[in-house]
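What follows is a set of notes on a single structure, which appears directly below.
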Amino acid sequence: MRYFLPHLFSLLFCCCILFFESNAQNAFNCTNTYYPGCNGVTAILEQVPYNLVYPGCQIYEEPCLFENCEIGLGRYLSRAVSMEGLVDFIIEATCWGIYNPPPRNSSVNCTPPYDLCETRYCPDEYARSIEMLIKIKAQFILRTTTAWYREKFFQPAPFTEFNVWGRSRQLVCDINAAYDCANLRRPIIQAGIFESISAFSEFDGLIRIPPDVIALADAYNLFTPEERLDYFTGDTPRDDLTFERDEIIRDTDDTGNIDIRKIEARLWFLYQAKAYIDFGYKALHMGQHHVYGHHDTGFDKLYHLLKAIRGYADDIGSFVILNGENLEHEIAKWKDTDPPVLLFDFEARAMRPREVSTPQVPGDINGCDSPVDAFMFERTPCENEPYKAFIDQCVIQGGPENHLSSGGIHPLGCMVEQQPYLIYFDFGPGTAYRDTTINGTPCKTPALDDIGQAAISYPPTPWTKLAWGFDDQRWFGNELGPECREWWFNHFYCEQRNYHNGHGFIQIPGLLNIGKPENSCQAALNAQNMTQEPASSGKFLLADDQNLLTSISETLTPKPATMKITSHCDIANADCHFRCAGMTAPLGYLYKAWKTWYKFELGGDPDCSSTYSWQILDPDGEWLPLAFGPERNFCPKKVGVYKVFLRQDNYAFGPDVDPGRNGVIQQEEEIYVETVVCNCSLEPYENCQEAEQGLTSEKCSIPEKKINRTNARNLEIYPNPAKNQITLSYSFMKGQHYSVDLLDMLGRKISVHPLEVQASGNTFPLSLSSNLARGVYLIVLRIDGMPVEKGKIMIE
37 MRYFLPHLFS LLFCCCILFF ESNAQNAFNC TNTYYPGCNG VTAILEQVPY
87 NLVYPGCQIY EEPCLFENCE IGLGRYLSRA VSMEGLVDFI IEATCWGIYN
137 PPPRNSSVNC TPPYDLCETR YCPDEYARSI EMLIKIKAQF ILRTTTAWYR
187 EKFFQPAPFT EFNVWGRSRQ LVCDINAAYD CANLRRPIIQ AGIFESISAF
237 SEFDGLIRIP PDVIALADAY NLFTPEERLD YFTGDTPRDD LTFERDEIIR
287 DTDDTGNIDI RKIEARLWFL YQAKAYIDFG YKALHMGQHH VYGHHDTGFD
337 KLYHLLKAIR GYADDIGSFV ILNGENLEHE IAKWKDTDPP VLLFDFEARA
387 MRPREVSTPQ VPGDINGCDS PVDAFMFERT PCENEPYKAF IDQCVIQGGP
437 ENHLSSGGIH PLGCMVEQQP YLIYFDFGPG TAYRDTTING TPCKTPALDD
487 IGQAAISYPP TPWTKLAWGF DDQRWFGNEL GPECREWWFN HFYCEQRNYH
537 NGHGFIQIPG LLNIGKPENS CQAALNAQNM TQEPASSGKF LLADDQNLLT
587 SISETLTPKP ATMKITSHCD IANADCHFRC AGMTAPLGYL YKAWKTWYKF
637 ELGGDPDCSS TYSWQILDPD GEWLPLAFGP ERNFCPKKVG VYKVFLRQDN
687 YAFGPDVDPG RNGVIQQEEE IYVETVVCNC SLEPYENCQE AEQGLTSEKC
737 SIPEKKINRT NARNLEIYPN PAKNQITLSY SFMKGQHYSV DLLDMLGRKI
787 SVHPLEVQAS GNTFPLSLSS NLARGVYLIV LRIDGMPVEK GKIMIE
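Okay, so the sequence shown: first residue is 37 according to this note's numbering, each after it adds one.
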């Protein structure tokens, strides 16, 4: 914190501050809202031959989340596109780079691979990127802008050289306008805040701490009483303070890593978050929370900061999706609660695929080394690629039983069985480095071993664990051939959905940073000599790869699915109070019992871009908790009729299917549960401990009964309505055992009627009790004890 010098910032308030109507809708309302903040913004797209400039199109539909967070997030995460640094294409700036930037007189290259300058003014590529997003109906646009490494520019002063503040606002307006005119729902657009402050940012004393940010922090109780004294005069937020780097980063860290325990660090996060939310961003990448929250016990400071950010978005009638970047740690949750309270809406996880050529090398520092199928790429376009790699359970941070595979109370209020996550193409230097200088300029040269591979002896980083020395982005965007790249992404995009019951997704590579060359000393030489060799980095732009773009669009097209239901029985869960079929167990004993359960599976032609959910109505008319993924196991606890619905959600269905929700019920089935116990044994367990051990090993399956359905047709019941005499119309076959169950509408059994079929025929009379109350009843026809047909009857 430093005192603010007003005369240095006389232009701070020259920008138009975005405001929201006080009656704006909350996060779960999908009605249109109006953002006046885009009025008067000059569209950068006026300078290129694309009709994306604000032509006055009406807002088609605003992004929204509805009451079930898993469905809502799944629809967005399945169409999440990485657009790393998209804002750079519209920032009029001289050359700038993170690693050894070239001289400021270096030329800007607006053709592939877009090298020489990290920041490059290429509005045509910007427009083509937005056009690409519309083609694939992208609904979550990731990491489009950030103040990282250019912190001092992130303020509303009218900078002419590097207006990251204004262009970040510009980007939201451009994309929303383009989606409006394409008759598409506006996407969720994400900005990045991240975990550190760059060492060369000239940060101190240059950015004012706005009083409204101080007031917002106070409203959400982010200050301790002692901290509050430094930022208030009485009850009035001070207006003479600026951010200071040392008040934000760790005391013992010269890398710029933030320490969230410091109040000014929390104010810095809140300052950025408030600005982005005001611009219209509805998602924030909060960086590596285990870096800035390393010493934050129970993530308590982080929990309250995220609560303040979400609270501000809600206060102004918007919403914000927050994610952390989790590389190798336990899932982020608040304190040690039971059930866990999840901090983030989803987690970003680095991809780091496993190399086929070196199966002993895991995909991540804490990955596993399960066997590799060396033949998986045979007869595929990747068969002859020199750098073959794949995704399996080891890539997902250690496998399916890892501690990251857990759920809890989601920030949107529901219980989730698994924290949703999004795998992203990570980036980095590309190999192990050795610091040196060239012509007096510090730079890095690769630290290689005798065979030219990354020196594993150097301190371990995600990239020194890979023998190739490539990061994810360079490997995918630069080292794979186009045919392999197309096959690989679409194959593993779908393959990933098989893990963690469909809660994981892979980002679509819309715009990737390609760090090259690895030898930044050579890059510096190239820049000084003004050669056309890459001087800083390049980019991979999906808009340049039409074959990959078309195939991704096809992969994202929803396909109808069906459900398959099978019945089973397994040994019951250990329960010292369980009583089997009316038998009373002696004290200290537990009889073996077999529990009825059902397996619901996807059939037909399911697609990997949809979110599937199983929704069940129990015999008492109560909805059971939703389950997600390609299958679910269901253990009924009540006897009666259950209704099972398979729902498929995909943004591409459009609002005409289900306005505001984009989901469709693909199939509805009923199952009749006659008993929750399908078998009992008279052999007791000695005690509960023995029972718990034994119950995990014994399993059985209900044999499928083959029913002769030749010439069968649907059951018909008449007259309907009826009194106490009805006729069943069906293809009855002599020699089979028929019975009819009469149930009320809650699935409770009223009576059972054996049918004595003496000869084959099409009708059978049935007398019902004259004491039945008026109302609607269910008729279940059974053959050899198996339910085969159902119908309804009105009793007058």
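We put the beta carbon where it would ideally sit given N, CA and C, even for glycine.
Reference residue i, options the options, closest by Cα
{"i": "Cys450", "options": "Ile427, Leu379, Leu220 and Trp511", "result": "Leu379"}
{"i": "Tyr328", "options": "Trp650, Arg286 and Leu804", "result": "Arg286"}
{"i": "Ile115", "options": "Gly316, Asp240, Tyr529 and Gly353", "result": "Note that residue 115 is Arg in the sequence shown, not Ile. Residue Tyr529 is the option with its Cα nearest to Arg115."}
{"i": "Gly202", "options": "Ile233, Phe189, Ala213 and Lys759", "result": "Phe189"}
{"i": "Gln455", "options": "Thr288, Tyr535 and Ser806", "result": "Tyr535"}
{"i": "Ile352", "options": "Ile652, Asp409 and Tyr312", "result": "Tyr312"}
{"i": "Cys146", "options": "Glu262, Gly640 and Asp580", "result": "Asp580"}
{"i": "Leu662", "options": "Ser587, Asn537, Gln582 and Gln94", "result": "Asn537"}
{"i": "Ala597", "options": "Ala214, Glu704, Gly316 and Ile652", "result": "Glu704"}
{"i": "Gly444", "options": "Glu280, Phe461 and Asp374", "result": "Asp374"}
{"i": "Tyr307", "options": "Pro246, Glu283 and Thr593", "result": "Pro246"}
{"i": "Cys100", "options": "His325, Asp350 and Arg281", "result": "Asp350"}
{"i": "Asn219", "options": "Lys600, Cys93, Ile126 and Thr291", "result": "Cys93"}
{"i": "Gly517", "options": "Val709, Glu421, Glu590 and His446", "result": "Glu421"}
{"i": "Phe689", "options": "Ser806, Ile601, Leu592 and Glu238", "result": "Leu592"}
{"i": "His326", "options": "Arg385, Ser354, Gln772 and Tyr348", "result": "Arg385"}
Beta carbon of residue i nearer than 7 Å to that of residue j
{"i": "Pro655", "j": "Val677", "result": "yes"}
{"i": "Glu637", "j": "Glu667", "result": "yes"}
{"i": "Lys674", "j": "Asp643", "result": "no"}
{"i": "Gly827", "j": "Ile815", "result": "yes"}
{"i": "Arg810", "j": "Ile831", "result": "yes"}
{"i": "Leu751", "j": "Tyr766", "result": "yes"}
{"i": "Asn362", "j": "Phe382", "result": "no"}
{"i": "Ser234", "j": "Tyr185", "result": "yes"}
{"i": "Gly323", "j": "Tyr457", "result": "no"}
{"i": "Cys605", "j": "Thr647", "result": "no"}
{"i": "Tyr634", "j": "Phe664", "result": "no"}
{"i": "Asp216", "j": "Ile95", "result": "yes"}
{"i": "Val208", "j": "Phe315", "result": "yes"}
{"i": "Arg390", "j": "Ala368", "result": "no"}
{"i": "Val709", "j": "Pro672", "result": "yes"}
For residue j and residue i, the rounded distance between their alpha carbons
{"i": "Val117", "j": "Ile459", "result": "11 Å"}
{"i": "Ser649", "j": "Ile753", "result": "34 Å"}
{"i": "Phe525", "j": "Leu109", "result": "21 Å"}
{"i": "Tyr112", "j": "Gln684", "result": "14 Å"}
{"i": "Phe411", "j": "Glu187", "result": "48 Å"}
{"i": "Ala468", "j": "Asp507", "result": "Low per-residue confidence applies at Ala468: pLDDT is 45, beneath 50, and the placement is therefore not dependable, though the value from the model is reported in the following sentence. Approximately 11 Å, taken between the alpha carbons."}
{"i": "Ala490", "j": "Ile544", "result": "Residue confidence is low: Ala490 scores 38 on pLDDT, short of 50, so the model does not pin down where it sits. Its coordinate-derived value is still stated next. Answer to the nearest angstrom: the Cα atoms are 28 Å apart."}
{"i": "Tyr339", "j": "Trp370", "result": "6 Å"}
{"i": "Glu531", "j": "Val249", "result": "44 Å"}
{"i": "Glu366", "j": "Gly334", "result": "12 Å"}
{"i": "Leu547", "j": "His331", "result": "34 Å"}
{"i": "Gly797", "j": "Phe768", "result": "5 Å"}
{"i": "Asp266", "j": "Ser442", "result": "41 Å"}
{"i": "Thr279", "j": "Glu263", "result": "The sequence shown places Phe at residue 279, not Thr. Near 15 Å, if we compare the C-alpha coordinates of Glu263 and Phe279."}
{"i": "Glu128", "j": "Phe198", "result": "7 Å"}
Close Cβ partners of residue i (< 6 Å) along its chain, the five nearest in sequence each way excluded
{"i": "Leu718", "result": "Low local confidence applies: a pLDDT of 49 at Leu718 is under 50, so the model's placement there is unreliable, with the coordinate-based value given in what follows. Excluding positions up to five away in sequence, the list is empty."}
{"i": "Ser787", "result": "Leu778"}
{"i": "Phe230", "result": "Trp184 and Gly323"}
{"i": "Asn438", "result": "Caution applies to Asn438, whose pLDDT of 49 falls short of 50 and renders its modelled position unreliable; the value that the coordinates give is listed next. Answer for Asn438: no residue qualifies."}
{"i": "Arg5", "result": "A query on residue 5 cannot be resolved here, the shown segment of the chain reaching from 37 to 832 and no further."}
{"i": "Leu242", "result": "Lys188"}
Sequence-distant residues of its chain with Cβ nearer than 7 Å to residue i (five each side left out)
{"i": "Ile550", "result": "Pro149, Gln509, Arg510, Gly513, Asn514, Ser573, Gly574, Lys575 and Phe576"}
{"i": "Gly821", "result": "none"}
{"i": "Ile357", "result": "Ile224, Lys318, Ala319 and Asp381"}
{"i": "Asn59", "result": "With a pLDDT of 26 at Asn59, under the threshold of 50, the modelled position of this residue cannot be trusted, and the question is left open."}
{"i": "Ile166", "result": "Leu88, Asp210, Ile211 and Ala214"}
Own chain partners of residue i with C-beta closer than 8 Å, once the 5 adjacent residues on each side are dropped
{"i": "Gln761", "result": "Pro801, Leu802, Ser803 and Leu804"}
{"i": "Leu585", "result": "Met168, Lys171, Ile172, Leu578 and Ala579"}
query: Just checking, does the segment 222–230 make contact with the segment 265–275 on the three C-beta pairs under 8 Å criterion?
result: No: fewer than three Cβ pairs fall under 8 Å.
message: With three or more beta-carbon pairs closer than 8 Å as the criterion, would you say the segment 249–261 touches the segment 342–351?
response: Under the 8 Å Cβ criterion, the segment 249–261 counts as touching the segment 342–351, having at least three qualifying pairs.
Meets three-Cβ-pair contact criterion under 8 Å: the segment 296–306 and the segment 242–253: Yes, since at least three Cβ pairs between the segment 296–306 and the segment 242–253 fall closer than 8 Å, the two stretches touch.
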